[in-house]
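Student: Mind having a look at this structure? Questions to follow.
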Amino acid sequence: MHIYDAIIIGGGPCGLAMGVELAKSGLDYLILEKGNLTESIRRYPRRMKFFSTAENIEIGGIPFAISDVKANRNEALQYYRKVAGYYHLNFKLFVDVDRSEKQADGTFLTYSNDGQVFQSKNVILATGYFDVPRMLNVPGENLPHVSHYYDEPFKYSYTNVVLVGGSNSSVEAALELYRHDAKVTIVHKEADFRTKVKYWLVPDVKNRVREGKIHTRFNSVTRAIEPGRMLIENVETGDQEWLPADFVFLLVGYLPDEHLLARCGVTLDPLTKVPEYDSETFETNVPGLYLCGTVLAGVFTEKVFIENGREHAAAIADHLAGREVRKVNELIDRI
116 MHIYDAIIIG GGPCGLAMGV ELAKSGLDYL ILEKGNLTES IRRYPRRMKF
166 FSTAENIEIG GIPFAISDVK ANRNEALQYY RKVAGYYHLN FKLFVDVDRS
216 EKQADGTFLT YSNDGQVFQS KNVILATGYF DVPRMLNVPG ENLPHVSHYY
266 DEPFKYSYTN VVLVGGSNSS VEAALELYRH DAKVTIVHKE ADFRTKVKYW
316 LVPDVKNRVR EGKIHTRFNS VTRAIEPGRM LIENVETGDQ EWLPADFVFL
366 LVGYLPDEHL LARCGVTLDP LTKVPEYDSE TFETNVPGLY LCGTVLAGVF
416 TEKVFIENGR EHAAAIADHL AGREVRKVNE LIDRI
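Take a look at the structure:
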């Protein structure tokens, strides 16, 4: 069996950045991706725009040239595909990894769910967090008209749509659905929208709420979902209300796959789910196993994005190549 210097699990922007850095260092690597390249971006809402400016999500030193300041989903998909081609990155697509295990000789065996096995001296997990939605654990959460992912508005015109959550994904979906003739209600457990909502969306959504074109139920949580309706409860008063709901989107965030991390032997904090890793080299408690990108965030997914997660790749490559490790910049809160 061929022994790679490193197996990279995950072909998103940070996984691709990792591949670029290893290629520049002359190391033999393979990227394993469960879907196609940047699969998580492909599953984003079709007309989504990134919060970060284009230069802040570039990888490999390749300029991300667009006509606007912020890239949309399609532009990002094209850009990352072109970077992968430019560097002739070595990847294998539609390989769903089950686990990596360290062997007695110090190498790793990485197993896929369809029986493939890959051997390497090191493993780098760059799986992000978009595959594991936060669950509300309420009755009806798995009904067919309920989803943790929003795609596009056209299916939902002239229907009652309830969005649970007060962050970017919920606000963006609400505005798009309203503009395509859906009857929209936002349910959020806090007293207002999250402070991290993209600044250009805030006046838009608040004006639509003020006009009565988008309805809100703040300080409210979901208690049950049934076909055609949803039960919510005000956490301050205890009052309950049934909302009409032809479709429900539970947009309350996503988490890294703690079960995959655990199967690879990585120690996790039981409360925060933050894995054990060195903050300079990103090596975990398993020597030779590293974390790159948002996979290391635990429940604090708002702390790691492409713009600082991509920098992990350079530090990891330095450590593997025996060079002085470049310092990763902390992300400054965005306004």
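Numbering (my numbering), first residue to last: 116 to 450. We put the CB at the ideal spot given by N, CA and C, even for glycine.
(1) Three-state secondary structure (DSSP) at residue 199?
(2) Do the segment 217–233 and the segment 301–319 meet, that is, are 3 or more Cβ pairs less than 8 Å apart?
(3) Who are residue 144's beta bridge partners in DSSP?
(4) Quick one: measure Cβ to Cβ for residue 432 and residue 397, integer angstroms, because I've assumed they're closer than 8 Å.
(5) Report the partner residues of residue 440 according to the DSSP bridge assignment.
(6) Closer than 6 Å by C-beta to residue 181: which residues in its own chain qualify, once you throw out the five before and the five after it? Chain order, please.
(7) Taking only three categories from DSSP, how would you classify residue 153?
(8) Short of 7 Å in beta carbon distance, which residues of its chain neighbour residue 333, apart from the five on each side in sequence? Order them along the chain.
(9) What span of residues does the alpha helix (DSSP H) with residue 322 cover, start to end?
(10) Less than 8 Å between the C-beta atoms of residue 362 and residue 274, yes or no?
(11) For residue 329, count neighbouring Cβ atoms within 10 angstroms of its own Cβ and tell me buried if that reaches 16, exposed if not.
(12) Could you tell me which whole beta strand (DSSP E) segments of length 3 or greater appear in the segment 380–408?
(13) Where do the ends of the alpha helix (DSSP H) carrying residue 138 lie?
(14) Can you tell me which of the three DSSP states residue 158 falls into?
(15) When you compare only the Cα positions, how much space is there between residue 198 and residue 135?
(16) For residue 255, count neighbouring C-beta atoms within 10 Å of its own C-beta (all shown protein chains included) and say buried if the count is 16 or more, exposed if not.
(17) Throw me the rounded Cβ distance for the residue 243 and residue 409 pair, which I believe falls under 8 Å.
Tutor: On the basis of the data shown:
(1) Here residue 199 corresponds to residue number 84 of the sequence shown, with the count starting at 1. DSSP, reduced to helix, strand and coil, places residue 199 within a helical segment of the structure shown.
(2) No, because fewer than three Cβ pairs between the segment 217–233 and the segment 301–319 fall closer than 8 Å, the two stretches do not touch.
(3) Here the question's residue 144 lines up with position 29 in the sequence shown. Its beta-bridge partners are 121.
(4) In the sequence shown, counting from the first residue as 1, residue 432 sits at position 317. In the sequence shown, counting from the first residue as 1, residue 397 sits at position 282. Not really, about 10 Å apart at Cβ, beyond 8 Å.
(5) For the purposes of this step, residue 440 is taken as the residue at position 325 of the sequence shown. DSSP lists no partner for residue 440.
(6) The residue given as residue 181 occupies position 66 in the sequence shown. So the qualifying residues of the chain are 169 and 190.
(7) What you label residue 153 is simply residue 38 of the sequence shown in a count that begins at 1. In this structure, DSSP gives residue 153 a state outside helix and strand, which the three-state scheme calls coil.
(8) Here residue 333 is taken as the residue at index 218 of the sequence shown, counted from 1. Closer than 7 Å at Cβ, skipping near neighbours: 303, 305, 306 and 307.
(9) In the sequence shown, residue 322 corresponds to position 207, counting from 1. Residue range 317–325 is occupied by the alpha helix (DSSP H) that includes residue 322.
(10) One-based indexing of the sequence shown puts residue 362 at position 247. One-based indexing of the sequence shown puts residue 274 at position 159. When the beta-carbon positions are compared, residue 362 and residue 274 come within less than 8 Å of each other.
(11) The count along the sequence shown starts at 1 and reaches residue 329 at position 214. It is buried - the Cβ of residue 329 has at least 16 other Cβ atoms within 10 Å.
(12) Runs of the beta strand (DSSP E) inside the segment 380–408: 404–406.
(13) What you label residue 138 is simply residue 23 of the sequence shown in a count that begins at 1. That run of the alpha helix (DSSP H) goes 128–139.
(14) Against the sequence shown, residue 158 aligns to sequence position 43. The answer is coil: DSSP assigns residue 158 none of H, G, I, E or B.
(15) Here the question's residue 198 lines up with position 83 in the sequence shown. Here the question's residue 135 lines up with position 20 in the sequence shown. The alpha-carbon atoms of residue 198 and residue 135 are separated by roughly 9 Å.
(16) On the sequence shown, residue 255 is found 140 positions in, with the first residue counted as 1. In the assembly as shown, residue 255 is a buried residue. Its beta-carbon has 16 or more other beta-carbons within 10 Å.
(17) One-based indexing of the sequence shown puts residue 243 at position 128. One-based indexing of the sequence shown puts residue 409 at position 294. Residue 243 to residue 409, Cβ: 5 Å. Contact.
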